[in-house]
Amino acid sequence: MSFIRTIQETGTMADSIRFLVEFLPRIGTTSVVLDGIKEPSLKYSDSGKITVQDGRGERLDIALPYNPGKVNSKRLVKVGGSDRDEYLLTLKSEDVPMDKSRNDVLMMPQMKWSKRQLNGLKNFKLCCIQCDMDIIDHDNCFRLNEMPSEFWMELMDYWHCHKPQDKTSEFYSLQKNSLSPCLNEILIGDSFFQALEDTFAGRTTVVDENIAMCSNCKKPLGRRTSDRMLRIPKWQLRLKSDGVCDDVFPAESEIISILLNCNRANSTRYILLRSGNTQLYIWLFSMGIEVTLANGKSLHNCLKIFYSDVIPSNVGFKANIDEEQVDKVPLDKFVDALETTNSILPSSKQRFGTWKISYLSAAVE
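Next comes the structure, spelled out in structure tokens:
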């Protein structure tokens, strides 16, 4: 009889061990950090799975977020002091594609509720998330179009508008500006819908301070832009369609969209997010990586994010930080998501100096 017990059978190992798997596609390296395990032995399978067994005979199967196939080196070392039960396993893939043209930002998947996704649904409608009143449906949406990318808008601004005598050196940003669609044409951004105010006639009401409310329940949904269009965040709506379960857009994805747009437009990885008296400093440390967390969840095309509510005094990039004003609800949800993931990381991977560390998928299925 075998005395090897799996995590599903005992739960003991799951309660005592934390792990983090990180696959770096550019260099073909997979690192596995194991925290809280004694005398581990490991077995790697070419199918993309690692079996960890401790000195008591308990076993844990870890599915890698990406199958590295055959590896030409495997290395297990104890890290930290003698009082810490922490180990690092490094796997080096046999074949590493050397693609110098790879751009992690361009390879990020689209956010959900794109033009392609919506056109593939039957009789879709987008409703107020509070009262389910139709805000966008076939009666006021005759055409869907994607908002142009930040790259395209930056080029247009440079070629046509950005003259040397301009008082400002800021590029045109889709977060702050917009195009003018036709009546009943909906423009789709990564995290919002935008259309002429008349497109939403009878469905929304604009009140003081350019706030657009649901005409039925009076919930604030969006805002009027400077060119008298309405912009409604996706997280304020519920998607319904025939034969498909209702769907919502995670509010924290709006913040992820802002971070990626800052990187696309200005190549910055340092962003200061503000909402009222709340602020959060972000360092986009890495993009396009694959991760498996201790809860068994795999994150694909994800962001490795360093974050802090105060900027470290020894950091010399203060002048190169992009600053963005964001809504409170998305920022709060974003912080919750960061903290949830941070709390299950191995202790040595929870912080880097004064920064806290977390991982988030760049797009939600």
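Sequential numbering from -17 applies to the sequence shown in this note's numbering. We put the CB at the ideal spot given by N, CA and C, even for glycine.
Which word fits residue i, buried or exposed, when buried means at least 16 other C-beta atoms lie within 10 angstroms of its C-beta?
{"i": "lysine 107", "result": "buried"}
{"i": "alanine 233", "result": "buried"}
{"i": "tyrosine 154", "result": "Its pLDDT being 45, under 50, tyrosine 154 is placed unreliably in this model, and the value from its coordinates should be taken loosely. Buried."}
{"i": "arginine 220", "result": "buried"}
{"i": "lysine 286", "result": "buried"}
{"i": "phenylalanine 124", "result": "exposed"}
{"i": "isoleucine 19", "result": "buried"}
{"i": "glutamine 307", "result": "exposed"}
{"i": "cysteine 113", "result": "exposed"}
So residue i and residue j are in contact, right, with Cβ under 8 angstroms, and what is the actual spacing, rounded?
{"i": "phenylalanine 174", "j": "arginine 213", "result": "5 angstroms"}
{"i": "alanine 344", "j": "cysteine 284", "result": "6 angstroms"}
{"i": "arginine 185", "j": "methionine 93", "result": "Not quite, the Cβ-Cβ distance comes to about 23 angstroms (not below 8 angstroms), so this is no contact."}
{"i": "leucine 262", "j": "leucine 313", "result": "7 angstroms"}
{"i": "threonine 364", "j": "asparagine 166", "result": "The structure shown does not extend to residue 364, since the chain spans only -17 to 347, so no value can be given for it."}
How long is the line joining the alpha carbons of residue i and residue j, rounded to whole angstroms?
{"i": "leucine 254", "j": "alanine 319", "result": "17 angstroms"}
{"i": "phenylalanine 316", "j": "isoleucine 293", "result": "18 angstroms"}
{"i": "leucine 169", "j": "glutamate 128", "result": "6 angstroms"}
{"i": "asparagine 122", "j": "tyrosine 26", "result": "55 angstroms"}
{"i": "leucine 126", "j": "lysine 216", "result": "15 angstroms"}
{"i": "isoleucine -1", "j": "methionine 269", "result": "26 angstroms"}
{"i": "threonine 336", "j": "serine 290", "result": "7 angstroms"}
{"i": "isoleucine 271", "j": "serine 249", "result": "18 angstroms"}
{"i": "leucine 100", "j": "leucine 241", "result": "24 angstroms"}
{"i": "asparagine 302", "j": "glutamine 35", "result": "47 angstroms"}
{"i": "glycine 10", "j": "lysine 74", "result": "6 angstroms"}
{"i": "arginine 38", "j": "asparagine 277", "result": "22 angstroms"}
{"i": "glycine 30", "j": "glutamate 21", "result": "23 angstroms"}
Checking 9 angstroms against the spacing of the C-beta atoms, do residue i and residue j come in under that value?
{"i": "leucine 24", "j": "leucine 58", "result": "yes"}
{"i": "serine 329", "j": "aspartate 17", "result": "yes"}
{"i": "leucine 2", "j": "valine 273", "result": "yes"}
{"i": "arginine 210", "j": "glutamate 179", "result": "yes"}
{"i": "glutamate 236", "j": "aspartate 119", "result": "no"}
{"i": "lysine 200", "j": "glutamine 218", "result": "no"}
{"i": "serine 223", "j": "leucine 103", "result": "yes"}
{"i": "glutamate 321", "j": "arginine 256", "result": "no"}
Under DSSP, the alpha helix (DSSP H) around residue i begins and ends at which residues?
{"i": "isoleucine 352", "result": "No answer is possible for residue 352: the residues shown for the chain start at -17 and end at 347."}
{"i": "asparagine 248", "result": "234 to 248"}
{"i": "phenylalanine 316", "result": "310 to 325"}
{"i": "asparagine 101", "result": "97 to 101"}
Between which two residues does the beta strand (DSSP E) carrying residue i extend?
{"i": "tryptophan 60", "result": "It should be noted that the sequence gives lysine, not tryptophan, for residue 60. Its beta strand (DSSP E) spans residues 53 to 61."}
{"i": "leucine 16", "result": "11 to 17"}
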